[in-house]
Each structure stands twice: as structure tokens, then as C-alpha cells.
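Undergrad: Protein chains in written order, with our numbering: chain U, 4 to 987; chain X, 2 to 59.
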Amino acid sequence: MNFSLAQILLFVAVYLSGLFAVAYLADRGTIPARITKHPAVYVLSLGVFAGAMASNGVIDIAYHYGYNFLLYYAGAGLVFVLATMLLFPLLRLSRVYQLSSLADMLVFRFRSPRVGAAITIAMCLALLPMLALQIQAVGDSVHILAGHDHPLDDAGFHHEGVALLTCLVIVVFAILFGTRHLSSQDRNTGLVTAMAFESLVKLAALSLLMLVAIYGVFDGHGDMQQWLQQSPAAEQQLTRRLPLEHTHSLMLVFFAGAVCMPHIFHMLFAENTDTRDLRSATWGMPLYMMLLSLPVLPLAWAGMRLQHDLPMAYTGLAMGASLASPAVSSIAFVATLSAASATIIVATLALANMCLNHLVLPSRLLNLGQDGSIYRNLKWLRRALIAVLILAGYLFYLSLSGRQSLVELGLVAFSGTLQFLPGLVATPYWPRANRIGLLAGLWGGLGFWFFTVMLPTTRGYLPEIGIWFSALVGDTENIWATATVLALSINVALFVVVSLLTRTSEEERVAAEICSMDDLARPIRQMLPLTSAAEFADKLAPALGENTAQAELERALQQLQFARSESRPYALRRLRRRIEANLSGLLGPAVAHNIVERCIPIQAGGTEDINLIERSLDASHQYFTGLAADLDALRRRYRETLDTLPVGICSLGSDGELIMWNRSMQDITGVAAADVLGSLLSALPEPWQTLFDDFRNHESNSVLKTEVEEASSDSRWVSLHKTETLEGDVILLVEDITAFERMEEELLHNERLASIGRLAAGVAHEIGNPVTGIACLAQNLEYAEDPEEISSTAGEILKQTERVTRIVESLVNFSHAGSSTGELELMPCNLADCVDEAVHLLSLDRDAPSIVFRNHCDREILVLADSQRLLQVFVNLLGNARDACDETGLVQVQSFTRGQRVLIDVDDNGCGIPATLKSQVFEPFVTTKDPGTGTGLGLALVYSIMEDLGGSIHLTSPLQSGHNPGTRFTLELALANYGETFAM
Amino acid sequence: MYISRTLMLGLVLALIAFPVLTDWLTSDFSAWYRPYIVWTLLILFTWWGNRSRQTDEL
């Protein structure tokens, strides 16, 4: 039974409308997301690989070459079984850098727009036979359905017209559902769901045809088995062994086709939104291919049984005609239509993207800087390219005039795409490869393929090289296989040799490291000529137009969760990379790279980006095995050690960028690592910024003690150390010594209280005398009448009162000294007066041995000090000297000026200090006195005060030989004049 | 190179078993289902090798 053209057209329209409906409902969300986002939908959408070759061509292969038809499915399935070796590394690159096509990927790796243009042109050329194959399958099917016995019988207008109409509907579909999202990172849900639907339809139709073959053509499975046993022709064909090179060539071309062909590449990478989907595809796709291959043998056997006149590829239609069943014919036609339309849609979509990104945009046909129109222009350009490509495929099909079988056309296209495999494999695995090698190999391999495979098959024309080659091979039947292998060999040889002999540019080397899965990427920390994220829009505006630049900046900021005010160099670098990746999804990597390089150039120099390397290592640690895993574990251990050290560690790069900020640093400063890592030192909050900046430029490598005043809390004391690495990084160590300082202060206060306690008895006695005197004088006053006597007595009382006041003042002064935690006020102090005051205070202690104090200091000398603190120093030093002396003791204080410094010697003729204790006397709790008489804090206090005053103290002992060797403490202070005030 | 050990082991085994396997596949003409048995085992092997990854680890 035959169909009229109107019926066929209606059939095509109904089927494609169904496809439209599925895509439309998926895009609108009517089909729930749990279905459209399900991994099974992604896996089924990959079935786009199985075009008319799978629905028709493979039956022809099975008929002629038996089991060898499985190579088609096995080659494609193997790509997914070995996904971790090739697909996952490529998916990583594709997702991170927004590379949606093979040309994008190779341009990103080889950093050359020429590579993109070459790949695109070559791919269009190689894909023309593939598009023609799909159109021919539909056209021939229409021809057969219309009642012609053989497609070559009548190459009239009718079936070609239906094929053209089908192409036009497909153009509309591709335009409506394939260009919905401009950026390659957004999934075209409608397209993916529709492709999955087509895969299901294809599988269901072929499975139904298998059942028809088994139960319609044969009388069930048993009959088929019996027929097989009794049919020597079937046995011969099923077990026919191809020459080894033919088998390998077939396997290789189908393997390459399953990853290099633009439609499968697009579905695999551009439409993937989750790695887990690809992981499901590693077993799901081989399973789908196996299910799809199950009907092939029964259909081939049914064809042999029926012995129909049609080409074996159209056995389904032959079964329909033989059984006089329109339903069977319709199912066979649906299988062909679903397979062909899916491949045409996605292949042209992917090719259109490639043409746009690598031919149209680099040639500057579109003015990107024109504001507000980029997105619209890109969309229309893409649509126009889809239409042009589908129509080019149709014209190519027309030019063939049906001379070639589907298998021949398929093999030409597959062997052409095989030539892209070396470049693709080199992307993650061979960092030494360069663009010159790639182009040389590609042109060599493709040139040979064109003259020995493409032209002879599609044009029937054998150029001189082809004649020479076929004469050399001798076996004309296997010329395809030999030519394919030879073309690949030429390609690989040229690629390797030229890559090794020519220089790889620096840009390519960096891209190779990014792409390489073998080497650790060594990203460089480069500086950008920008200070905030907002400036990106201004820089990009000349190239993209103001509105587009703003929109792209907002998109990148939103993806990275950064604010417009972001100024960290690390964040700005990430933002630059993100904008380039987003533009790559929109305009292709070549144009995107060119725009970003031109608008936001990177300053020369830079060092390794340790943060990024660490992040990469952390992200991929589960992949490390053996020695690499051990090294990573070691790295983590050292990292943890550095992080948990109770000392703050901060590492600054040579450009001032903060590379490390450990937990103690966070505790000390209250600044989180996430907020400052990757920032410049200037981004640190005060007072830490000034402190670290000053210390970094400080000539000394350590500051033992410095006070840090924070607005939010009490002041802290820290000690700082620094060291410089060979690479020029500065490592700062910050130790929080606040607790130690507070304890020391407390101890010193206790020492002062102890001194006051010791002085108390003497003070009481000293005050007692004038008080007694005042009492007597007051009694006398009571009876005195003579005004002169009254006046004299009152004067005496006042004198005694002044004495008491002076004693009390001295004591109060002493007790206050050092207790204040406020700012130390340095001012000129009279040295001699200070020594006198100290001697006076000590003389109050009646229990102490009475020795002679001599103050030889120059009365005119002024030192820069805090008078109360200096008094405390002398009280301690003179008190110690007195305690060291016997009754004949003599303590002398003398001063000298040396330049702007004043040296003060405090000498005694006491017992001296043992040599073993000399190095420790300034440490707390070290004393030469008997237990209970000294706290051991006096000299520690003196040392601390002298440091605060900006002076120093040195010890010399013994001064002489003999019984009383004596001791000398030499103080050094700055000389001062009246009128100067200094603050520390 | 991030290649799972299961996959490497599988490849080595496949290489070793390849001659025996092809002989077995083509020894009995009527047992046309044999390639599908091997294929099913391969699918199970691949599923097993990829079963543990639960996160989008790119």
C-alpha cells in the first residue's frame, strides 16, 4: 500500500508538531522539572548520536558485514566507558570556561582564532555528508512510501520537495528551541527534552519493528532460530570477518564521532548542568546503545528472508510493504524521521554556534560596541546561520543525486571527524602540543581525507593523489579503511613533529597547564590595573557597549557573590576570569579572550597564586593515589600545623598581597581569613594595617613588645618577628603577649607595694617627729601672748607641716609611679633633683643601714624621661646599692653627657654581683638577697622602665678587686632641654 | 592522571581476555546473543565503577 504525498506531509507535520509540543511544554515548565532535569533525560538526549545511520544505515552494515555492525555501537559506547579519561577532563574545561563546541575547546587550548576558523570550516565540510545522510534517509523513505520501489528509480521533485519541507520545519524548530539562551551555560530544557523524546521514539519504533520482524516476517523466535540454522547465507554474512585494519578503522571512527561530532559534543558538554548526569551516562549511554542495537540483526535477517529490492537500510519500509501494513511502514518512517531530525537539529545548532563564534565574530562583521543590541543581533545571526547550514546540507544532498548509500555517506563524515581527535586528546594530555602542530596535522590529515575519501565517495571523482594511492593499496574495496588510517597517521605525525620542532607561545603554555590533567596547574598571581569591581564596566564599555558591559559585570558579580565595591586583587582576578568565561559562552573563547585582554590587560610580572593552587588541590584530593596522595596528606598536615600554631602567621607576597592568615592571626586581630586572603595589606583594618606596614618596612627583624590599641577592646601587647623567603615573600609572626604583659604589670605593682610597706615604718617615724613638734608648739601657742612669739610658733608649725607634706608627697609619688596604664609622658627632668628625691625617700627607711649617698650629678643636666618613673628607677638602684653595702658603704651617682645622650653611673662599694648571676639580674625573681628580704622584681622593673623611657641599663661588676668589689649600673637616657615634650 | 583504578584494571583484563573473547563470540553462529552478554557485563562494570560519586565534583 502506498501513501500519497499529502498523507506523508501530514504525517511529518503531526510528528514534528508533537516534537514542538514536547519542547514547548518542557520550556514552559508544564512537564515537571523532576522529569526534565532527570539524568535519564540527559542520557536519552545523547541518543542524538544515533541518527539515520542507527535507524537505517546499520541494518545495511549488518546485512553485509554481520557482527561488525556492533562496532558502530561499541565505538560510541566505549567513549562513555572510558569517560574518566576523556569526557570528564573535557567537561571540567567546558563547564569552567564555558566552552560549548569543539572549536571553542581547541581555541581555548591553543589560543588562536585561526584554529577556531580552521576547525569550523573543516567541521562544516566533514558534516555536510552527515547532514545529507539524514536528509537522504528521509527523502528516500518518502520516495518509497510514495510507492517507488527504489530510491534511484525516479529522482523526481516530489520526495525532494517533502525533504525540503521537512528541512524547513526543522529550521523553525531549531530556531525556536535551540537559540532560546544565548549563553552556553544555560541549558535549553526544551531542546534537551525533545531530543530525549526523539531517542525514546526511535528506540520504541525500532523495537516494534524488531517484534514485527520476529513475529511478522518469521513465525516467532523459534522459527527465526531455525531459519538461521538452515540458512548458510545468513551464517556466512553474520560471521564475516573484516580485515583487521577495517575493523580498527570502523571502531576508531565511531569512537571519534561519539565525542568530536558537533551535535554529540553540544549535548554532552553544552547542555550538561551536573557532573552526575554524565556519570549516569557512563553506563546509561552504553545501555541505550545496546538496546538500540538489539533490533538490527532481526531486521537484517528479515530483509534477507523477504529478499526485497530496496536497499537493506530501508528494510522496515520493505516489511510494511510486504505485510501490506501501513502501521509498520509508518513505524519505520517514524524511526527514520526521529533519528534524522534529531541529528539535523542539534548538528546545525552546534555548527551555527561554531560559525558565529569563529567565523562571523572574529571577522568583526558585527559591531559589538554598539550599545544595547548585542544580544538581539547575536540571536538573529545564530538563527540565520542555522537556516543557512540546514539548506547547505539540503543542497549538498541534492548535488549527490542519490548515488551513495547511507553507510558510505556516514563513513565519509565519521572518517572526517576522526581528524579532530588528536587535537582533542592533546588538550588534556599533551601540554607540549602547539597551534602550529595542530594546524599542520589537521590540514595534512584532512587534505588527505578530502582527496582520497571525500571526493571519490561524494563526487565520484578520484584526483591524482587518489589514483596514486589506490594503485599503491591495490585493494580498492578496503581503500576507505586504509585511507582513513593513513590520514590519521599523517595528522598525528605532523602534529607531533611540528609541535616538537616549533616554539610554543607563553600564552599557549599557560592554557596547556590549565587544560592539563597530568600537571599541577601553576596559576600566576597577576595584578590588574583596577582598584574596584565597578571599574570593569567602564573598561569593557568600549568593546561591548555600556549597557552590555554593565549587564555582564552584574552577572559575574552575582555568580561570584561579590559586591561592586570589591577591591581585593584576588577577587578582581576571579571576576576577570568569570567575565571572560561568560563572554566565551556568548561570543566564543577567541573573541572573549581578545576583548578581555584588550580592555583589562594584566600587568607584567606576578608570582604563583598559592591560594588558587591550594584550592585546586583541595578540590581534587580524592583523585590522588599513591605518592601523590601521600604528598597531599603531608601538605595537609603541614598546613594544619601552621593553622593551629598558637602564633599568628601572616604571609605577604612580594606585591603586598596576603597569602596566608592562620587561625591564631584571626584570634589576635579579630579579622577572618576569608575577608583578607588575596587582599593587599592596605585592605586590613586599623590598627593592624599600620602596624604590619610599619613593621614590614622596619629595619629590624623583630619588635619584642609593642602596644596595639583597638577601638573595640582594651589595648593588646604583641611581639613581632619577620623573615623573608627566597621568592621575596615576607612572613610575619605575631605573638600575643598581652597576658604576659598584664601579669608583669601586676608583679611590678606588687613590688612597689612591697617597697611602700618597707618604707612605711620609716615614714611613720619621720612623720611622728614633726607631729610631736607641732603638738608641743601648739601647746606653747595656747599660752603665748606675745604676738612675736605667736608668729614665730606659727611659722615653726607651718615648717613642720611642710615637712610632713613633703614626706607624704614623696610617698604618694612613689606609690603612683608605674601604676598608671595611661600614656607615658616624656619631658625634661632634672637628673640631680630626681636623685636627691630618691635619696630622701630611702632615708625614710630607718631600719636600713645608714650609708653615705653622694650625688655628683650636674645640676644643670636635664634628661628626657617621666619623672615619677625615673624616681622609681633610682629608688630601686640606690636601695639595692644600700642593701649591698655594709656600714662603710658609699653610694655615688654621677652623670656624663655623650652627644645627645646622658650616661648616669650608680656606683657602690658593696659585695658585688656573682658572675653567674650577672646575665640574669634583670629577669624577674632573680635576687642576691636573703630569702624574705627581696622579691627579685626590682631590677626587672628598672629594666622595663628604662625600655619604656627609650633608654638602656648596663651592669658592671666587680668594679675593683678586694673585699668590697662594688657594682656599677650605667643608665643611658636622652639629653633634653626645657620646652620639649614627647609622647610615646 | 585521574583514571580510576577500577577502570585501569578493567582495561588490562579486557586486553588479556580479548583473543579468548573474540573466539568465544564467533565460535557458535546460532548464539548471536553472546556479544550482548559481554556488553551487559561491561555496563554493570561501568555502573559499579561510577556508583560512589554523589556530588557534582567539578
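Even glycine gets a Cβ: it sits at the ideal position worked out from N, Cα and C.
From the DSSP output, which residues share a beta bridge with W33(X)?
TA: Bridge partners of W33(X): none, in fact.
Undergrad: Which one of V410(U), A330(U), M746(U) and A868(U) has the shortest CA to CA distance from A943(U)?
TA: The option with the nearest alpha carbon to A943(U) is M746(U).
Undergrad: Quick one: give me the first and last residue of the alpha helix (DSSP H) that A868(U) is part of.
TA: A868(U) -> not in any alpha helix (DSSP H); beta strand (DSSP E) instead, spanning L865 to A868.
Undergrad: I need the straight-line Cα distance from G159(U) to G150(U), nearest angstrom please.
TA: Only weak support exists for where G159(U) lies, its pLDDT of 47 falling under 50; the value from the coordinates is given anyway. In a straight line, the C-alpha of G159(U) is about 13 Å away from that of G150(U).
Undergrad: Is N980(U) helix, strand or coil when you go by DSSP?
TA: Reduced to three states, the DSSP call for N980(U) is coil.
Undergrad: Is it buried or exposed, P301(U), if we count other Cβ atoms within 10 angstroms and call 16 or more buried?
TA: Buried.
Undergrad: By the 8 Å beta-carbon criterion, what residues does the region 569-580 of chain U contribute toward chain X?
TA: Under the 8 Å Cβ criterion, the region 569-580 of chain U contributes no residue.
Undergrad: Got a sec: is the Cβ-Cβ distance from R282(U) to anything in chain X below 8 Å?
TA: It does; some Cβ of chain X falls within 8 Å.
Undergrad: Please tell me whether V61(U) and V215(U) are closer than 8 Å, where the distance is taken between their beta carbons.
TA: Going by C-beta atoms, V61(U) is not nearer than 8 Å to V215(U).
Undergrad: Would you mind giving the Cβ-Cβ distance between L359(U) and L384(U), rounded to the nearest angstrom? I have them listed as a contact below 8 Å.
TA: Rounded, the Cβ-Cβ distance is 6 Å, consistent with contact.
Undergrad: So for C914(U), helix, strand or coil by DSSP?
TA: DSSP places C914(U) in coil when its eight states are reduced to three.
Undergrad: Could you tell me whether the Cβ of L8(X) comes closer than 8 Å to any Cβ of chain U?
TA: Yes, contact with chain U.
Undergrad: Quick one: Cα of R37(U) to Cα of V46(U), how far?
TA: Roughly 15 Å separates the two Cα atoms.
Undergrad: Looking only at its own chain, which residues have a Cβ that is under 7 Å from the Cβ of I123(U), when we skip the five neighbours before and after it?
TA: Before going on, a small fix: residue 123(U) reads as Thr here, not Ile. A106, M357, C358, H361 and L362.
Undergrad: Which runs of the alpha helix (DSSP H) fall wholly inside the region 601-636 of chain U and span at least 4 residues, in chain order?
TA: Taking only runs of at least 4 residues, the alpha helix (DSSP H) segments lying wholly in the region 601-636 of chain U are 613-622.
Undergrad: Please go through the same chain and pick out, in chain order, the residues whose beta-carbon is closer than 6 Å to the beta-carbon of H724(U), but skip the five residues on each side of it.
TA: Excluding positions up to five away in sequence, the list reads S705 and L736.
Undergrad: Report the rounded CA-to-CA distance for N585(U) versus Q562(U), giving the unit in angstroms.
TA: Near 10 Å, if we compare the C-alpha coordinates of Q562(U) and N585(U).
Undergrad: State the DSSP-derived secondary structure class of L829(U), mapped to helix, strand or coil.
TA: If DSSP states are grouped into helix, strand and coil, L829(U) belongs with the strands.
Undergrad: Report yes if the C-beta distance between I759(U) and V876(U) is below 8 Å; otherwise report no.
TA: Against a cut-off of 8 Å, the Cβ pair of V876(U) and I759(U) comes out as no contact.
Undergrad: Alpha carbon to alpha carbon, how far is G50(U) from M288(U)?
TA: Cα to Cα, the separation comes out at about 8 Å.
Undergrad: Using the Cα positions of A324(U) and A345(U), report the straight-line distance between them to the nearest angstrom.
TA: Going from the Cα of A324(U) to the Cα of A345(U) covers about 26 Å.
Undergrad: How close, in whole Å, do the beta carbons of L829(U) and D869(U) come, if the pair is a contact with beta carbons under 8 Å?
TA: The pair is a contact, with the Cβ atoms about 6 Å apart (cut-off 8 Å).
Undergrad: Taking buried to mean at least 16 other C-beta atoms within 10 Å of its own C-beta, is L497(U) buried or exposed?
TA: Buried is the call here.
Undergrad: So, using beta-carbon positions, are V909(U) and L865(U) closer together than 8 Å?
TA: Not closer than 8 Å, so no.
Undergrad: Grouping DSSP H, G and I as helix and E and B as strand, with all else coil, what is S568(U)?
TA: Residue state, collapsed to three classes: coil.
Undergrad: Name the DSSP bridge partner or partners of M663(U)?
TA: For M663(U), which the question treats as bridged, DSSP gives the partners S654(U).
Undergrad: Is there a Cβ from chain U that is less than 8 Å from the Cβ of P36(X)?
TA: Cβ-Cβ to chain U under 8 Å: yes for P36(X).
Undergrad: So A321(U) and A55(U) are in contact, right, with Cβ under 8 Å, and what is the actual spacing, rounded?
TA: The Cβ separation is near 16 Å, so there is no contact.
Undergrad: Report the residues of the region 232-243 of chain U with a CB closer than 7 Å to any CB of chain X, ordered along the chain.
TA: Residues Q232, E238, L241 and T242.
Undergrad: Cβ closer than 8 Å: which chain X residues qualify as neighbours of L290(U)?
TA: Within 8 Å Cβ-Cβ: I44.
Undergrad: Between L873(U), I916(U), L906(U) and R885(U), which lies nearest to H859(U) when the distance is taken from Cα to Cα?
TA: Considering only alpha carbons, the answer is L906(U).
Undergrad: From the DSSP output, in three-state form, read off T551(U) for me.
TA: DSSP places T551(U) in helix when its eight states are reduced to three.
Undergrad: For a contact defined as C-beta to C-beta under 7 Å, what are the partners of W286(U) on chain X?
TA: By Cβ distance, chain X contributes I44, T47, W48 and N51.
Undergrad: Need the endpoints of the beta strand (DSSP E) that R719(U) sits in, please.
TA: Note, R719(U): beta strand (DSSP E), R719 to E727.
Undergrad: Counting only the same chain and skipping the five closest in sequence on each side, list residues whose C-beta sits under 6 Å from that of V599(U).
TA: Counting only Cβ-Cβ distances below 6 Å, and skipping sequence neighbours, we find E583.
Undergrad: Using a Cβ cut-off of 9 Å, which residues of the region 84-114 of chain U contact any Cβ in chain X, in chain order?
TA: So the list reads V84, L85, A86, T87, M88, F91, P92, L94, R95, R98 and V99, given in the order they occur along the chain.
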